[in-house]
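Asks:
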Amino acid sequence: MRSWLFVPGNSAAKLAKAPSSGADAVIVDLEDAVPLDDKTIARQQAAEWLADSGTGPARWVRINALHTPFWREDLGMVMHGRPAGVILPKSSGTDELEILDAEVSAWEQRIGIKAGATKIMPQVGESPRAALTIPDYGTLEIDRLAGITWGTEDLTTSLGATRKRDAAGQWTDVFRMVRANVLLASHAAGGLAVDSVYADFRDLDGLAKSAHEAAADGFSGMLAIHPAQIPIINEAFSPSAEKLSQARAIVDAFAANPEAAVLQLNGRMIETPHLRQAQNMLQMAR
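Per full-length UniProt numbering, the very first residue in the sequence shown carries number 1; after that it's consecutive.
1. Here's the rule I'm using: 16 or more other beta-carbon atoms within 10 Å means buried, otherwise exposed. How should E96 be labelled?
2. Kindly indicate which three-state DSSP category Q170 falls into: helix, strand or coil?
3. To the nearest whole angstrom, what separates the beta carbons of residue 292 and Q123, a pair I think is in contact under 8 angstroms?
4. Near M79, what residues of its chain come up, given a Cβ to Cβ distance below 6 angstroms and the 5 sequence neighbours on each side ignored?
5. Which ranges would you report for the beta strand (DSSP E) in the segment 46-126 if only whole runs of at least 3 residues count?
6. Would you check if the distance between the CB atom of F6 and the CB atom of I230 is smaller than 7 angstroms?
7. Do the CB positions of F201 and R2 come within less than 7 angstroms of each other?
8. In the structure shown, what three-state DSSP assignment does T149 receive?
9. Among S210, D166, A249, N280, which one has its Cα closest to the Cα of G267?
10. When you compare each of L265, P57, A42 to A24 by their alpha carbons, which one comes out closest?
11. Using the DSSP secondary-structure output, state which residues sit across from M269 in a beta bridge.
12. Give the range of the alpha helix (DSSP H) segment to which I233 is assigned.
13. Checking 7 angstroms against the spacing of the C-beta atoms, do L244 and A253 come in under that value?
14. Looking only at its own chain, which residues have a Cβ that is under 8 angstroms from the Cβ of K209, when we skip the five neighbours before and after it?
15. Decide if K17 is buried, meaning its Cβ has at least 16 other Cβ atoms within 10 Å, or exposed.
16. Hey, residue 324 and G85 are a contact pair by Cβ (cut 8 angstroms); roughly how many whole angstroms apart?
17. Alpha carbon to alpha carbon, how far is L66 from E126? Give it in angstroms, no decimals.
18. Is it the case that the Cβ atoms of A12 and Q45 are separated by a distance below 7 angstroms?
19. Between the Cα of R179 and those of G22, S196, R163, spot the shortest distance and give me the residue it belongs to.
20. Go ahead and pull the three-state DSSP assignment for D195.
21. Please state whether the Cβ-Cβ distance between G221 and V194 is less than 7 angstroms.
22. Compare the Cα-Cα distances from G147 to each of K119, Q246, Q109 and report the closest residue.
23. Label R163 either buried or exposed according to how many other C-beta atoms from any shown protein chain fall within 10 Å of its C-beta, with 16 as the threshold for buried.
24. Tell me which same chain residues have a C-beta within less than 7 angstroms of the C-beta of P19, skipping the five on either side of it?
25. What three-state label does DSSP hand residue 296 in the structure shown?
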């Protein structure tokens with residue numbers, strides 16, 4: 001699950017094109033991308049699009065935040081389309097995730113979906129208070145928790161900040177802290193760590209740099225807001241042929257020496273954590 005493409009639920013044309021984008025997951029958006037007057041039509045189109053799954057990317061939906069009056073209507077409509085998962089935006093803490101978990105469970109039982117089949121991914125850190133709760137997600141034991149992602153625009157507004165990145169293109173301190181906590185909490189919870197969007201969809205070189213850095217840091221994928229971003233994200237989060245060759249060599253070395261905890265391979269010491277990392281990489285490639 002490398003690339004996660006947002007598509008506004010009120011655009012039938014964009015929804016029709018989304019499955020051919022190459023994204024691993026397409027998220028039909030009912031929240032920020034949809035004006036208030038279009039909420040109803042967006043729900044209807046989202047439900048129809050989700051139900052017409054066929055083959056292709058995993059089909060997710062981003063509902064409205066739990067502090068709005070819209071989210072229950074969103075859920076009631078889109079669950080009939082049997083989405084692969086639900087993105088919870090502006091999650092203020094783990095209590096909201098538990099509320100959504102209970103609601104999704106009730107809908108699964110009501111319409112005959114296998115319990116736990118519908119995954120959830122909170123979008124965290126979108127206010128100062130929410131940012132301070134991120135480590136709590138690492139202690140959750142919710143089976144349907146697919147991973148964690150994060151947002152930047154609302155946090156920028158809340159802080160009154162005029163920038164998110166410095167002159168070198170790196171996240172400034174607060175955003176770097178939020179991002180690091182998302183990465184740690186995701187891995188602690190055993191889920192996917194999905195990096196935030198690269199907002200300037202025309203800057204493909206900047207996106208490539210950001211995506212490669214995210215992959216190197218331990219993120220499993222990245223959000224996208226434009227189809228042009230998908231090939232770059234997919235490439236960045238796919239292990240190269242050289243890395244796969246190295247991973248196979250590590251696995252083979254330990255297979256040939258099953259009792260060993262430490263081995264030497266091509267002039268470097270490798271240990272059990274290297275083996276697990278190699279196995280994970282090969283699994284991802286498969």
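Using N, Cα and C, we set each Cβ at its ideal position, and we do this for glycine too.
Replies: On the basis of the coordinates in this document:
1. Per the 10 Å Cβ criterion, buried.
2. Residue state, collapsed to three classes: coil.
3. Since the first and last residues shown for the chain are 1 and 286, residue 292 lies out of range.
4. Hits under 6 angstroms: W107.
5. If you keep only unbroken beta strand (DSSP E) runs of at least 3 residues inside the segment 46-126, you get 58-62, 85-88, 119-124.
6. No, these two residues do not count as a Cβ contact at 7 angstroms.
7. For F201 and R2, no; Cβs fall outside 7 angstroms.
8. Taken through DSSP and simplified to helix, strand or coil, T149 comes out as strand.
9. When only C-alpha atoms are compared, the closest one is A249.
10. As written in the sequence, residue 24 is Asp, which differs from the Ala given in the question. Selected option, being the one with the closest Cα: P57.
11. The bridge partners DSSP lists for M269 are Q264.
12. Run containing I233: 230-236, per the alpha helix (DSSP H) assignment.
13. No, they are not a contact pair.
14. The answer, listed in chain order, is G169.
15. Burial check for K17: the Cβ neighbour count within 10 Å stays below 16, so the residue is exposed.
16. Nothing about residue 324 can be reported from this structure: the residues present for the chain run from 1 to 286 only.
17. In this structure, the straight-line span from the alpha carbon of E126 to that of L66 is close to 13 angstroms.
18. Between A12 and Q45, the CB-CB gap stays under 7 angstroms.
19. Of the listed residues, the one whose Cα sits closest to R179 is S196.
20. In the structure shown, D195 sits in a strand (DSSP, three-state: E or B).
21. Yes. Within cutoff.
22. Shortest Cα-Cα distance from G147 to any of K119, Q246, Q109 involves K119.
23. It counts as exposed.
24. Result list for P19: V26, G56, P57, in chain order.
25. Since the displayed the chain opens at 1 and closes at 286, residue 296 lies outside it and no answer follows.
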